[in-house]
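Student: Quick note on numbering: the working numbering labels position 206 of the sequence shown as 186, and the sequence is numbered without any gaps. Note that the Cβ used here is the ideal one computed from N, Cα and C, for glycine as well. Note that this is a predicted model, so its numbers are computed, not measured.
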Amino acid sequence: MLTQSGVLVLSRYDDCAAALRDRRLGKVDESLGFGLTDIPEELQRQAMHRFRRTMLFRNPPDHQRLRRLVADVFTPHHVEDLRARIVLQIDRLLDGIADQPVADIITELALPLPVNVIGDLLGVPAEARSAAAPLVRALIASLEPSANTADLTRACEAEDQLAHYFSELMAEKRADPSDDLLSRLAAARGDDTLDDDECVGTAILLFAAGFETTTNLIGNGVAALLSHPDQMALLRERPDLAATAVDELLRYDAPVQTNGRTVLEATRLAGIDLRPGQVVLTLLGAANRDPDRFPNPDVLDITRTGTVPLSFGAGIHFCLGAPLARLEGTELFPRLVSRFPRLTLASEPIWRTGMSFRGLSSLKVVTR
């Protein structure tokens, strides 16, 4: 569908996948809000200059340069080495929930697990993580298609606070490096690999991306299982289905619902001729429910095989942390449903507002 403002909106799986992989489409600094809202030009031009210099907003060759510095830490092989530590964190959090007749899955499990996992990986001190999380939420609100001037202003303030913190932290890492990812970034700065803004922006991006999507995966996944007790019982009986269950939960209720690109070279997509500067908006949640790709797409089926959801995107901007998020979900879901066989909703889930990022702010459950 082509909107009156010239934005091409795609919802079919094959069209979305093709757009995300097309090198004639890419990222531009002006794509905040995907061009769907009236943001003052000066604010849009100056806002969040560090975050917008990360791999999230860059095209080749800068994209490869920035991604290459950290990509090996997130490979399936390296992530596998983290499994034992992640399981320990899951068990500790489940122990805490077990002490409560009613617990909030979001605040006591879905948020602290990935925050601590990425915090450990980056080398962010434990005492600083909870304060940084709400700043990240303010920052990513600017990526919503409905972002307005107030959202972008709050995002700029959040970025300034995060940048101040990470700048000081990486100065400490540079003086006294450790075996963590921020120490690697700190060492890369100054040798023509990263400039100051790229270094700080990448630190912010890795911390933000390391938990925001995974928090939504866990929350949305638990909510889906609670509303499908037959699937929850099946996972309890067959924990070997954990990996396919994660893929199905990602497909059924994607943590990220949209992804945008800007046309860099004239091209034709989904039968529409596009000119440079036009925006293409892919509806990932709709693509994951495309009946031409997934039989009975509105049915949650954790035995579904061959599922390749677009929830983590595709192409060169495919989510760097996807293997880590999958591992956290694969270890968490079967442990949760096994530990709490009587798990039920205590009240209606409370969903966060927004179109791009779909997640819960509260998911209260009865544990026994």
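For I330, is the classification buried or exposed, using 16 other Cβ atoms within 10 angstroms of its Cβ as the cut-off for buried?
Tutor: Its Cβ having fewer than 16 others within 10 Å, I330 is exposed.
Student: Buried or exposed for D233, going by 16 or more other Cβ atoms inside 10 Å?
Tutor: With 16 or more other Cβ atoms within 10 Å, it is buried.
Student: Is it right to say G76 is buried, meaning 16 or more other beta carbons lie within 10 angstroms of its own, or is it exposed?
Tutor: With fewer than 16 other Cβ atoms within 10 Å, it is exposed.
Student: On the three-state DSSP scale, how would you describe K372?
Tutor: Here the chain comprises residues numbered -19 to 348, so residue 372 is not present and cannot be evaluated.
Student: Of the residues P275, T195, L74, which one's Cα is nearest the Cα of S318?
Tutor: Nearest option by C-alpha distance: L74.
Student: Using the rule of at least 16 other Cβ atoms within 10 Å of the residue's Cβ for burial, across every protein chain shown, is V345 buried or exposed?
Tutor: Flag for V345 reads buried.
Student: Starting from S110, trace the alpha helix (DSSP H) in both directions and tell me its first and last residue.
Tutor: Counting along the chain, the alpha helix (DSSP H) containing S110 begins and ends at 106 to 120.
Student: Tell me which residue opens and which closes the alpha helix (DSSP H) that G201 is part of.
Tutor: Note, G201: alpha helix (DSSP H), 176 to 206.
Student: At 4 residues or longer, what runs of the alpha helix (DSSP H) sit wholly inside the stretch 224 to 292?
Tutor: Those alpha helix (DSSP H) runs which fall completely within the stretch 224 to 292 and span 4+ residues are 264 to 267.
Student: Taking C-beta to C-beta, are S(-9) and A266 nearer than 7 Å?
Tutor: Yes, these two residues count as a Cβ contact at 7 Å.
Student: Looking at G181 and R30, is the spacing between their C-beta atoms short of 7 Å?
Tutor: Against a cut-off of 7 Å, the Cβ pair of G181 and R30 comes out as a contact.
Student: How do the stretch 235 to 248 and the stretch -5 to 7 stand: do at least 3 beta-carbon pairs fall below 8 Å, yes or no?
Tutor: Cβ pair count under 8 Å is three or more, so yes.
Student: Distance check for G(-14) and G15, CA to CA, integer angstroms please.
Tutor: Legend: pLDDT at G15 = 45, less than 50; position of this residue unreliable, no value from coordinates given.
Student: Would DSSP call F337 helix, strand or coil?
Tutor: Looking at F337 - three-state DSSP - the assignment turns out to be strand.
Student: State the DSSP-derived secondary structure class of A294, mapped to helix, strand or coil.
Tutor: In this structure, A294 counts as coil in the three-state DSSP scheme.
Student: Between L161 and V53, how many whole angstroms is the CB-CB distance? I'm expecting something under 8 Å.
Tutor: About 6 Å separates the two Cβ atoms, so the contact holds.
Student: Within its chain, find whatever has a CB closer than 8 Å to the CB of L312; leave out the 5 residues flanking it on each side and keep chain order.
Tutor: Excluding sequence neighbours, L312 sits near I70, L89, L93, I198.
Student: Per DSSP, which residues does S342 bridge with? Please list them.
Tutor: DSSP, once it has assigned bridges, lists I330 as partnering S342.
Student: Verify whether the separation of the beta carbon atoms of A143 and L119 is less than 7 Å.
Tutor: Cβ distance not < 7 Å, so A143 and L119 don't count as in contact.
Student: Between which residues of its own chain and Y(-7) is the CB-CB distance below 6 Å, once the five residues before and five after are set aside?
Tutor: Taken in chain order, the residues that qualify are A267, D270, R273.
Student: With DSSP collapsed to three states, give me the class of A167.
Tutor: Residue state, collapsed to three classes: helix.
Student: Based on Cα-Cα distance, which residue from T129, S110, P105 lies nearest to S163?
Tutor: For the residues T129, S110, P105, the minimum Cα distance to S163 belongs to P105.
Student: Quick one: using the 10 Å Cβ neighbour count with 16 as the cut-off for buried, is M(-19) buried or exposed?
Tutor: Looking at its Cβ environment, which holds fewer than 16 other Cβ atoms inside 10 Å, M(-19) is exposed.
Student: Check whether the Cβ of L93 lies closer than 6 Å to any heavy atom of the ligand ATP, and answer yes or no.
Tutor: Because no ligand of any kind appears in the structure shown, any question about the ligand ATP cannot be addressed here.
Student: What would DSSP say about A83, mapped onto helix, strand or coil?
Tutor: Reduced to three states, the DSSP call for A83 is strand.
Student: Let me check one thing: in DSSP terms, what residues is L(-10) bridge-paired to?
Tutor: T262.
Student: Using DSSP with H/G/I as helix, E/B as strand and the rest coil, what is L325?
Tutor: Strand.
Student: Exposed or buried, F292, counting other C-beta atoms within 10 Å across all chains shown (16 or more means buried)?
Tutor: The residue is buried, with at least 16 neighbouring Cβ atoms inside 10 Å.
Student: Exposed or buried, which one is V82 when buried takes at least 16 other CB atoms within 10 Å?
Tutor: Classification of V82: exposed, given that the 10 Å Cβ count is below 16.
Student: Between P314, I296, E308, which lies nearest to P41 when the distance is taken from Cα to Cα?
Tutor: That would be I296, whose Cα lies nearest to the Cα of P41.
Student: Could you give the DSSP three-state label for L300: helix, strand or coil?
Tutor: Here L300 sits in coil by DSSP.
Student: Assuming N96 is part of the alpha helix (DSSP H), what are its boundary residues?
Tutor: That run of the alpha helix (DSSP H) goes 92 to 102.
Student: Would DSSP call L307 helix, strand or coil?
Tutor: Reduced to three states, the DSSP call for L307 is helix.
Student: Looking only at C-alpha atoms, which of L115, L264, L149, M150 sits nearest to R134?
Tutor: Taking only the C-alpha atoms, the option nearest R134 is L115.
Student: Which whole-angstrom value describes the C-beta separation of A189 and L165, a residue pair presumed to lie in contact below a C-beta threshold of 8 Å?
Tutor: Contact doesn't hold; Cβ gap of about 14 Å is too wide.
Student: Using DSSP with H/G/I as helix, E/B as strand and the rest coil, what is L36?
Tutor: Correct three-state label for L36: helix.
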